[in-house]
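Protein chains in written order, with the numbering used here: chain W, 1 to 298; chain H, 299 to 596; chain Z, 597 to 894; chain D, 895 to 1192. The beta carbon of each residue, even a glycine, is placed where N, CA and C say it ideally should be. Here is the structure we will look at.
Number of protein chains: 4
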Amino acid sequence: MDPIITATFLVSAPDQRGLVARLSGFFYELGLNILDASNHTDVHAEAGPRFFMRLVVDLGGLAAPEAARKLGGSAGRKALEASFELCAQLLGASWSVGYSDVLPRMALLVTKDPTCLYDLVLRQRSGELRCEIPVVISNHAALEPVAESFRIPFVALPVTPETKREQERQVVAELRRHHVDLVVLARYMQILSDELLREAPTVINIHHGFLPAFQGAKPYHQAHARGVKLIGATAHYATKDLDQGPIIEQDVARVSHEMGPDDLVRVGRDVERVVLARAVRAHLERRVIVEGRRTMVL
Amino acid sequence: MDPIITATFLVSAPDQRGLVARLSGFFYELGLNILDASNHTDVHAEAGPRFFMRLVVDLGGLAAPEAARKLGGSAGRKALEASFELCAQLLGASWSVGYSDVLPRMALLVTKDPTCLYDLVLRQRSGELRCEIPVVISNHAALEPVAESFRIPFVALPVTPETKREQERQVVAELRRHHVDLVVLARYMQILSDELLREAPTVINIHHGFLPAFQGAKPYHQAHARGVKLIGATAHYATKDLDQGPIIEQDVARVSHEMGPDDLVRVGRDVERVVLARAVRAHLERRVIVEGRRTMVL
Amino acid sequence: MDPIITATFLVSAPDQRGLVARLSGFFYELGLNILDASNHTDVHAEAGPRFFMRLVVDLGGLAAPEAARKLGGSAGRKALEASFELCAQLLGASWSVGYSDVLPRMALLVTKDPTCLYDLVLRQRSGELRCEIPVVISNHAALEPVAESFRIPFVALPVTPETKREQERQVVAELRRHHVDLVVLARYMQILSDELLREAPTVINIHHGFLPAFQGAKPYHQAHARGVKLIGATAHYATKDLDQGPIIEQDVARVSHEMGPDDLVRVGRDVERVVLARAVRAHLERRVIVEGRRTMVL
Amino acid sequence: MDPIITATFLVSAPDQRGLVARLSGFFYELGLNILDASNHTDVHAEAGPRFFMRLVVDLGGLAAPEAARKLGGSAGRKALEASFELCAQLLGASWSVGYSDVLPRMALLVTKDPTCLYDLVLRQRSGELRCEIPVVISNHAALEPVAESFRIPFVALPVTPETKREQERQVVAELRRHHVDLVVLARYMQILSDELLREAPTVINIHHGFLPAFQGAKPYHQAHARGVKLIGATAHYATKDLDQGPIIEQDVARVSHEMGPDDLVRVGRDVERVVLARAVRAHLERRVIVEGRRTMVL
């Protein structure tokens, strides 16, 4: 639909004078129009104020001869990235880039609950989530028909405590075979080992959450016993500290004393689904920068 | 304004056949019209299914001769209560009653922050909270002018670790002197001892809350460090387990990475104010039944 | 799963003394336990105060001999209904009843957008919506594969201005053939004629809504032009006054100036989906009573 | 508290290449650090894509000799503004600037309802609204004690249909006498004439709003008659098209069939209060740019 091809840069640097001017000036001099820019300075960061910026630039300008000249002969993406790296080094910045014509490849890990699987696939099919879904991986065969109905390859990798290590190796092999950039735990009822998290690309998880917080098994039953009036969910990047990774998105829904534990599970599932979809969308649009235990959603 | 005088009964009983019919029949036979009735059966209660009912009846019917006859000669409130007690005993029910022409007397305990104090007094003055506010008690003199501007007696009772016990005795004495029915901790920055909670009437507290939960000092700074996207508040009855009493009301507000800890405190204060007001209103309207660690808000 | 069979009565009557007692007494005398009861008196109704009640009773009591005796020989559902009708006539009440072992039959009318179709079918499959879906009817063939993937019969009835009358006759014929109790317009992009609304069973529609309200074509573009900060949706019963039927449920989502008309459409679609699901659920649980242009959701 | 003095620029221009770079470059060359920057391009604007930017710069850099040199001899605010005007002319941009050490002066227009008056004054006193409140103007004497309790001058200017023109002249005279920059209609129950709107500074109004929309008298009664499930409020700039000015902020609250018209009024008042406070805060922080009938809240 949209013939404009864009590059989205995410930049993080120690705060210093002139950052907005220098970063936007970089693209201005190359003749690349900035379509969207947002930045934020976190003055409360532990290691001193830190600057974050998201820039969306129109790559159309690369077609002009001056771009090639200024980039040292070749107006390609590699040359653009090499030139930006020099600029970033001067600022002590870390950065990454994504291109609108290169769709990220997202794998879904599921078990038996189809809610998040349907939701994410339907949002991808409607164009809301701009990505490919090359594979659905499960520790159970239950959702194969759902994946099949959307013609997405389905890989069943059952797991027992004894085979966990081997199963995770197979999971990683599948992720590599399908060139996966992002793993979404769409109610995958297994804890990922540190080894898997080291070997896998970025992982997003969805976690129920309550005020006050309940830990351990059957959290919805605990929440019912305490009579909470709100049920929540938190989408976060998976790190080795279980459920402690940087938060991307959160939301809640209202419940009442009339609802039993099963109702709370149902309402909670709806919140989890919406929160997960919003977090995945923000990630795919390259709006999320992680800094320590926090995220900036620009 | 409203010439109708009502009695609001709250009833809690082991679930059994015919409860709605028998409780509503009690008033029907006396010629008292039921203006509002709601009930709930908690099938998940630990000691077996438990029934809860709130009945609002028009006391106008007590003026008819038949009421006096059926109540044994006197159609007064005492006789009505005695008769209802017999009915309740047959059902194994516990109950309480309040009358619309007897306003509960609410004391506010404050320290330095005027937000909740202003909010609760203004809601009472506008008729939203049907109660009297006979006294504001504080461990600090800062808010005396605010209480004065509304012509509410203000008692300053400073406290140090050494004088805490004696100060709490004075607090209890003030509560008794003013015939207080309900104590609201409107950002009172002191922990109440078990002794005070035993001697005081019902106490409602407001507590900040987060997903995930943060404990200890400076919770807003912890929440900022973790990058939460929601800030919450919980209003609950105070019990000796600090911040673990039955929850009356909860809500949240959305925050972003752009907000520093001070912004989170400001947003949190707004949520706390609204949640506390809603909880106090529900209590004053006799909508809240406590059962173990839960509340039913009928 | 649940072996208890229940009947849910909805009653509407002019307000009068003893209604709760007499209605609950009716079931008490038959030995039928009331599992859930809620009522409301609308003192602002045009024709004087009006009383509404929802009663869920356990039909298990019909197995006792006394029930048959009191119902005049036969403890069946017909006898129960005849007996309740006598009670209702004394009170001037209108009423209806539904049984938990008789699932309502819901037809979905769709066009091309699969969002609401998927959402409602998945909620039905997960047990959240207790109904059967005997048929999906569309004026377009696009969604046939979706209906097929759930093995639901799909009927395509294309329509032009010239054939509208005939097409609607076919729609009504399909509704009758499948014994449909409830029609849900799941983004069916056709206006129903008064004739169809007269012949069809209850119809629920979902309608976008904004503050301030925009009428006519392209409402999302109008809302964008005005710069609204909220987008809403309203689920209502369809009546001959287009989009003016009694409201069952409403909700909103927050939008910003950064969103173009397409984003508003996407956000709006999500709100519409959730609001429609909640309205259908309330209707199926027999919680909705219509009184004039209003609904009570008990 | 905060020793940093900042200038906040709001810029609006036809979209063109290099806008972010050129605007941020302007301050970079003067040695002024950009503390916060956000921008947005509205590609749907009627007259072609339009660019909006908010820049907060640290004026500390004006103390360096180079700033004076580059600004033509004087590193004062007038010289800075003159220099920026040249830059803006090249871009065809319109712009405005505010300084953190010059507090805007906000007048409150009220009638009898104290809710918004208390709310806005308390937020100003707590530091949430950074402004001065030099005067409260009313067409009624009722709220004089409230203004007095905060030591804010109160001017009562009663009005009848005959004296409306003269009263508005007096209102304008008071606004001028107190050098007012912003007028907030805090439930001022008078319609402002076009003349007043032309002569007064910026005016913010709060308006109730519903889904679907109700016009004319007694909107809460109409909303009750229709059985709405949500009540809303819209804060907007006042223009001569009554209640049709650019929207700054909106929100809603949930209501139920149990609430009578008076309850709806009470809930609506709470929503209005919060929405108005948020809109005033956004305006005072110079986050709002008006473009035609829309606002961008950057």
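Exposure label - residue i; buried when at least 16 CB within 10 Å
i: Val586/H; result: buried
i: Thr1128/D; result: buried
i: Thr935/D; result: buried
i: Lys825/Z; result: buried
i: Thr900/D; result: buried
i: Gln1018/D; result: buried
i: Pro757/Z; result: exposed
i: Ala957/D; result: exposed
i: Val419/H; result: buried
i: Pro517/H; result: buried
i: Arg176/W; result: exposed
i: Val102/W; result: exposed
i: Leu494/H; result: buried
i: Ser722/Z; result: exposed
i: Gly986/D; result: exposed
Cβ-based neighbour list, residue i, same chain, cut-off 8 Å, excluding 5 preceding and 5 following
i: Met597/Z; result: Note that Met597/Z scores 42 on pLDDT, short of 50, meaning its location in the model is unreliable; the coordinates nonetheless yield the value given after this. Same-chain partners within the cutoff: there are none.
i: Ala580/H; result: Ile546, Glu547, Val586, Val595
i: Leu1051/D; result: Ile1031, Ser1032, Asn1033, Gln1061, Gln1064, Val1065, Glu1068
Nonlocal neighbours in the same chain, by C-beta distance under 7 Å from residue i, ignoring five residues either side
i: Lys70/W; result: Glu29, Leu30
i: Ser988/D; result: Ser906
i: Ala4/W; result: Sequence inspection shows Ile at residue 4/W; the Ala mentioned does not correspond to that position. Closer than 7 Å at the Cβ level, and outside the excluded window around Ile4/W, lie Asp58, Gly60.
i: Thr707/Z; result: Ser734, Asn735, His736, Arg783, Tyr784, Met785
i: Ser381/H; result: Leu369
i: Ala671/Z; result: Leu658, Ala663, Ala664
i: Glu854/Z; result: none
i: Phe26/W; result: Phe84, Cys87
i: Leu917/D; result: Val905, Met947, Leu949
Sub-8 Å separation of residue i and residue j beta-carbons
i: Thr115/W; j: Arg273/W; result: yes
i: Pro212/W; j: Gly507/H; result: yes
i: Ala107/W; j: Pro134/W; result: yes
i: Lys538/H; j: Asp568/H; result: no
i: Ala577/H; j: Ile502/H; result: yes
i: Leu1011/D; j: Leu1037/D; result: yes
i: Pro797/Z; j: His820/Z; result: no
Selection from the options that minimises the alpha carbon distance to residue i
i: Arg348/H; options: Ala511/H, Lys527/H, Gly358/H, Asn337/H; result: Asn337/H
i: Arg564/H; options: Ala551/H, Val400/H, Leu490/H, Ala575/H; result: Ala551/H
i: Thr163/W; options: Arg151/W, Pro153/W, Gln190/W; result: Gln190/W
i: Glu344/H; options: Asp313/H, Met351/H, Ser554/H, Leu353/H; result: Asp313/H
i: Val914/D; options: Val1077/D, Asn927/D, Thr902/D, Arg948/D; result: Arg948/D
i: Leu284/W; options: Arg176/W, Pro261/W, Ala200/W, Glu128/W; result: Glu128/W
i: Leu264/W; options: Pro153/W, Arg226/W, Asp243/W; result: Arg226/W
i: Val146/W; options: Phe214/W, Gly232/W, Asp113/W, Leu182/W; result: Asp113/W
The ligand FMN heavy atom lying under 7 Å from the CB of residue i
i: Asp561/H; result: The ligand FMN is not part of the structure shown, which contains no ligands of any sort.
Spatial neighbours of residue i in its chain, beta-carbon cut-off 6 Å, leaving aside the 5 residues before and after
i: Val859/D; result: No information on residue 859/D is available, as it lies outside the stretch 895 to 1192 that chain D covers here.
i: Gly1139/D; result: His1130, Tyr1131, Ala1132, Thr1133
i: Tyr695/Z; result: Ala603
i: Ala931/D; result: Leu949
i: Asp243/W; result: His207
i: His1073/D; result: Arg999
Cβ-Cβ separation, residue j to residue i (assumed contact under 8 Å), whole Å
i: Pro206/W; j: Leu192/W; result: Before going on, a small fix: residue 206/W reads as Ile here, not Pro. Wrong, their Cβ atoms sit about 13 Å apart, outside the cutoff.
i: Leu10/W; j: Arg198/W; result: So it is not a contact: roughly 22 Å between Cβ atoms.
i: Asp847/Z; j: Val886/Z; result: About 20 Å separates the two Cβ atoms, so there is no contact after all.
i: Cys131/W; j: Arg151/W; result: About 16 Å separates the two Cβ atoms, so there is no contact after all.
i: Val779/Z; j: Leu705/Z; result: 6 Å
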